[in-house]
Amino acid sequence: MDCPFEAVIFDMDGVIADTVGLHYEANQHIAKKLSVTFSEEMNQSLQGLSREKTVRAICDLTGEEVSDEQVKQLSELRNEQYQRLIAELTPADALPGIYSFIRELKEKKVSIALASASTNAPRVLSRLQLIDAFDVIVDVQKVRRGKPDPEIFLTAAQLLGVSSNRCVAIEDGEAGLTGILQTDMFAVGVGTHSAMKKAHWQVASTEELSIKSLINAVEKTRNKDI
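Numbering (my numbering) for the sequence shown: 2 to 227.
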């Protein structure tokens, strides 16, 4: 089976690692400091945003003016909390089917990159024993504009040396998916969240990801466009 793509670019939280709940816990930590209510729905809407953008959104719930310095201090506090949580991660915290999917991509000589808003991405991948599988890791420190801007995905493709139209990008967050859809990459949306319906291919779970199913999805979309 010929492969219609040369690279797959992964988001991390909610795609590679089962860490969405940990972000929620870290965000709740800040929300309690500010005495505001923070729901799982709000957490979902902030997925893919940088740490400071996330904290500023939580601060906005107070209805009060918050300085850049306060946002910076709260961001550092949130990061400390999150780092404590990810220190407990093990390979069992990789999402279903991810190890086998990455193995298949490697066997097919498909390049693999990570495009994550989290500066803690290398730590998480190391805890999951997956860091050596990735050819390129791009986080918000390597780009000028974070998600929903497409820069992080285009940078990953450029570093891999692969044309963007030969890349697949996989996301579970609305901000990230919005970024992918501004490129000519094939977009895969993970999860049942309504925003994922905009993807070229939506899967309910990472268990559905395989080299065969992905090739079929890409070919089906291409044939539809002809």
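C-beta atoms are modelled at their ideal positions from N, C-alpha and C, and glycine is treated no differently.
Separation of S101 from S127, as counted between CA atoms: If you take the alpha carbons of S127 and S101, they lie about 17 Å apart.
Start-to-end residues for the beta strand (DSSP E) that takes in D69: For D69, there is no enclosing beta strand (DSSP E); the residue is found in the alpha helix (DSSP H) stretching over 69–87.
V191 in three-state terms, based on DSSP: Assignment of V191 by DSSP, reduced to helix, strand and coil, places it in the strand class.
Residues that C168 bridges to, as DSSP identifies them: Its beta-bridge partners are A8.
Local Cβ density within 10 Å of D133, reported as buried at 16 or more and exposed below that: Exposed is the call here.
Top-ranked residue by Cα proximity to L47, from K148, K225, Q159, I181: Here the closest residue by C-alpha is K148.
V163: first and last residue of the uninterrupted beta strand (DSSP E) it sits in: Here V163 belongs to no beta strand (DSSP E), and DSSP marks it neither H nor E.
Limits of the alpha helix (DSSP H) - the one that Q45 falls within: 41–47 is the extent of the alpha helix (DSSP H) around Q45.
Nearest residue (CA-CA) to L161, options V141, F135, L210: Of the listed residues, the one whose Cα sits closest to L161 is F135.
Buried/exposed call for I192, threshold 16 Cβ in 10 Å: Residue identity differs from the one stated: residue 192 is Gly in this sequence, not Ile. Flag for G192 reads buried.
Any non-hydrogen atom of the ligand GTP within 7 Å of N44 CB: This structure simply doesn't include the ligand GTP, nor any ligand for that matter.
Reduced DSSP category for S117 - H, G, I as helix; E, B as strand; rest coil: Per DSSP, reduced to three states, the secondary structure at S117 is strand.
Boundaries (first-last residue) of the alpha helix (DSSP H) holding V21: Following the DSSP letters along the chain, one finds V21 inside the alpha helix (DSSP H) bounded by residues 21–34.
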